[in-house]
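With my numbering applied, the sequence shown covers 81 to 567. Backbone N, C-alpha and C fix where the C-beta goes; we use that ideal spot for every residue, glycine too.
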Amino acid sequence: MKHRFRLTCLFSLIFALTAAFAFAQEEIGTFEETMKLVSVISPEFQQFLDSDFSQYTDKELIEAFITVGSNNGRKDELLTFYETQAKAFDEALAEQLAPEIFEDKSYDSQYLLADTINQQMHRTFLRRYNKNSFTFADLKDTQSYDCVSASLLYTALLTRYGIPCGAIETSDHVLTKVILDTRDVFVETTNFYGFDPGSKKEFQSNFGKSTGFTYVAPGRYKLFDDLPMKKLLALVIQNDVFIKTKEKKYLEATNLAHILQIIRDDESGNNSYTSAFGNLASYMSRENNKKGRYEESFKWIKDLPQNQNKRALLNNTYLAAVNEAEKADNYQIGYDALDLSLNYGVTQKNGEYIRFRLMLTNNSVVKFLDAQKFDDARKLIFSEMDAGVLSKSDLLKLYRSVTVKECNLLYNQKEYKQAIEKTLDCLEYMPKDKVLVSNLKVYYLGYVDYLKTNANPSEITAVVAEAQKRFPNEKAFQDLTGESIPY
Numbered sequence: 081m082k083h084r085f086r087l088t089c090l091f092s093l094i095f096a097l098t099a100a101f102a103f104a105q106e107e108i109g110t111f112e113e114t115m116k117l118v119s120v121i122s123p124e125f126q127q128f129l130d131s132d133f134s135q136y137t138d139k140e141l142i143e144a145f146i147t148v149g150s151n152n153g154r155k156d157e158l159l160t161f162y163e164t165q166a167k168a169f170d171e172a173l174a175e176q177l178a179p180e181i182f183e184d185k186s187y188d189s190q191y192l193l194a195d196t197i198n199q200q201m202h203r204t205f206l207r208r209y210n211k212n213s214f215t216f217a218d219l220k221d222t223q224s225y226d227c228v229s230a231s232l233l234y235t236a237l238l239t240r241y242g243i244p245c246g247a248i249e250t251s252d253h254v255l256t257k258v259i260l261d262t263r264d265v266f267v268e269t270t271n272f273y274g275f276d277p278g279s280k281k282e283f284q285s286n287f288g289k290s291t292g293f294t295y296v297a298p299g300r301y302k303l304f305d306d307l308p309m310k311k312l313l314a315l316v317i318q319n320d321v322f323i324k325t326k327e328k329k330y331l332e333a334t335n336l337a338h339i340l341q342i343i344r345d346d347e348s349g350n351n352s353y354t355s356a357f358g359n360l361a362s363y364m365s366r367e368n369n370k371k372g373r374y375e376e377s378f379k380w381i382k383d384l385p386q387n388q389n390k391r392a393l394l395n396n397t398y399l400a401a402v403n404e405a406e407k408a409d410n411y412q413i414g415y416d417a418l419d420l421s422l423n424y425g426v427t428q429k430n431g432e433y434i435r436f437r438l439m440l441t442n443n444s445v446v447k448f449l450d451a452q453k454f455d456d457a458r459k460l461i462f463s464e465m466d467a468g469v470l471s472k473s474d475l476l477k478l479y480r481s482v483t484v485k486e487c488n489l490l491y492n493q494k495e496y497k498q499a500i501e502k503t504l505d506c507l508e509y510m511p512k513d514k515v516l517v518s519n520l521k522v523y524y525l526g527y528v529d530y531l532k533t534n535a536n537p538s539e540i541t542a543v544v545a546e547a548q549k550r551f552p553n554e555k556a557f558q559d560l561t562g563e564s565i566p567y
C-alpha cells in the first residue's frame, strides 16, 4: 500500500550516525545541527541515487530493495535468503511448465509463464497481506507484503526470466504490467489470482478477503501512470517515512523524505518532504519552547507553508514566552521573544504578533496594578504608544484602567487633588470618556467637602470655581456657590 501524507526509516548507517539521530531528537540540537542530519545521505543510498535503473538484474533489484528498505545491516543475510528461495522457486516452476515454455517468446507462452511466476511467488515467498509490510526484511521474517513489496519482488522474478515489465502508480496503489507482444497485461501482485485479474472469477472473491480493499479495474483509476523502477523503489522509502512519522521518529522520517524528494523530483516527493518537515518542525518547536529557546523555535517555523499549522506553532511559541514572562515577573522576556520573531519572517502587522503583544502588555499592566506600580504601568503603555504597533484605542483603554484604579485608591486615601490631576491627565487623551468624567465629579465633590474643614475660604472658592468651570451645568457644583464657606 502506498502511504500518503496529510498537516500530520532510518536506513542503516554507521553506528555514529545512528547515535547522532538519537542524540538530536533526545537532546534537541540547534536548527542548523538538526538540518545537517536531515540532509545526510549514506554511501549505500548515494550509490542508489547515482543509478538510473534503466537496466538491472534480479539480484541488483533485490539489493536496491534492501537498501531503500533500510535493511543494509542485514544485506548478506537477506541476499542469501533470496538466492536460496529463488533456487527453490526455479525448481518449482520447472516442475509445472514444459521446458519449451521458457524459451518460447510467443504471446501464449509468455502469458502462461508470467501468470505462473505470480502464483509460484505467492507459494514460495508470500503468505499474508499487510499494508505496513513493505521491506524485503518483512518478506523474509514474516512473509508479509503490501502492493509495493509484492510488485518489486514480482518484477525481480520476471527479470530473472527475461520477461519485460513495468509498474503503474495510482493515487493509493501500485500495479505491475507485463509487456507482451500484442498487449500489456496488468497484475495485482497482492493476490495469487492477480495476473490479468479481470479474466479470473477466483480473483474477484479472493482479493477483498486478502487485502480488505475493493478491487478497482485499471480503466477506472483517475491516476494511472507509468512508474519508472527507481520511483517504484522510492515508494518503499515513502512508506517508511509514514511509519517513522507514526512512531514519532520525526528526524529519521524527514531524513528519508529528503532522499525521497531527490529521487522522485516531482510534486509527490515535495509533498512528502513538506509533510515530514512540518512534523519535525512542530516537534522541535514544542521542545524548544519548553526550554525557553524561542529563537530556535522561530527558525523551525520560518519556512513552513502559510497555513493553520504554522499559525498554531507561532501562537504556541508566543504563548510560552508570555507565560515565562509572567512567571518571572519580567515582561521584557516576552517582548524580547516577540522581537526575535521579526528576524524570521514575522512582521509587526502579523495578526498573531499583534494579538500576543497586546496580551503581554495587558498582562504586564495587570501585574503592575496588582502591585500598585502605577507609574511603571503608565510608562509601559506610553512606550507601546511610541512603538506604534498596537492600536491606540486598545492602549488608551489600559491607560484608563490604570487611572481609575489609582485614582480610586487616592480618593479613599483622601488624596483628592492627586486623583483629580491624574484623571485630568487621562482626559487629555479621552475627553469624552463617561467613566473618567463621572469619577472626576466625585473627586471634586469629595475634595470640596474635605477642604471645608481643612483649608481657608480662598482655597475652597478656587476649587469650587474650577469644578464649576469644568461642569457648568452640574447642579451639585452650582449649589456649592450659595453655601457658607467657614472662616
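- A contact is defined here as three or more CB-CB pairs under 8 Å, and the segment 262-280 meets this definition with respect to the segment 226-245.
- Every alpha helix (DSSP H) stretch that sits fully inside the segment 423-464 and reaches 4 residues is listed by chain position as 431-450.
- Per the C-alpha coordinates, the member of Asp170, Leu440, Asp306 positioned closest to valine 469 is Leu440.
- Sixteen is the threshold: when 16 or more other Cβ atoms of the shown chains lie within 10 Å of the Cβ of glycine 414, as they do, the residue is buried.
- Taking each of Tyr209, Leu315, Ala247 in turn and checking the Cα distance to isoleucine 342, the smallest one comes out for Leu315.
- Counting only the Cα atoms, arginine 373 lies some 18 Å from asparagine 359.
- Membership of lysine 257 in the beta strand (DSSP E) is indicated by the continuous run 254-259.
- Taken in chain order, the complete alpha helix (DSSP H) segments of 4 or more residues contained in the segment 197-250 are 216-221, 227-240.
- In this structure, glycine 349 keeps its C-beta atom at 8 Å or more from the C-beta atom of aspartate 306.
- When Cβ pairs closer than 8 Å are counted between the two stretches, the segment 367-383 is seen to touch the segment 104-124, the count reaching three or more.
- Check the Cα spacing between threonine 483 and each of Leu520, Ser463, Met465: the tightest is with Leu520.
- Under DSSP, phenylalanine 266 takes part in a beta bridge, and its partners are Lys257.
- Fewer than three pairs of CB atoms, one per stretch, sit closer than 8 Å, so the segment 119-136 makes no contact with the segment 382-393.
- With 16 or more other CB atoms across the displayed protein chains lying within 10 angstroms of its CB, lysine 502 is buried.
- Aspartate 138 carries a helical assignment under DSSP once its states are collapsed to helix, strand and coil.
- Judged by DSSP secondary structure, leucine 307 falls within the beta strand (DSSP E) whose first and last residues are 305-307.
- The three-state secondary structure of phenylalanine 133, taken from DSSP, is coil.
- If you draw a 10 Å sphere on the C-beta of glutamine 386, you find fewer than 16 other C-beta atoms in it, and that means exposed.
- For the segment 368-432, the continuous alpha helix (DSSP H) assignments of 4+ residues that do not extend past its boundaries occur at 374-382, 388-408, 411-421, in sequence order.
- Short of 8 Å from the beta carbon of alanine 144, and not among the five residues preceding or following it, lie these beta carbons of its own chain, in chain order: Phe128, Ser131, Phe133, Tyr136, Leu313.
- Residue pairing by DSSP places phenylalanine 275 opposite Val267 in a beta bridge.
- With fewer than three CB-CB distances shorter than 8 Å, the segment 138-155 does not count as touching the segment 169-187.
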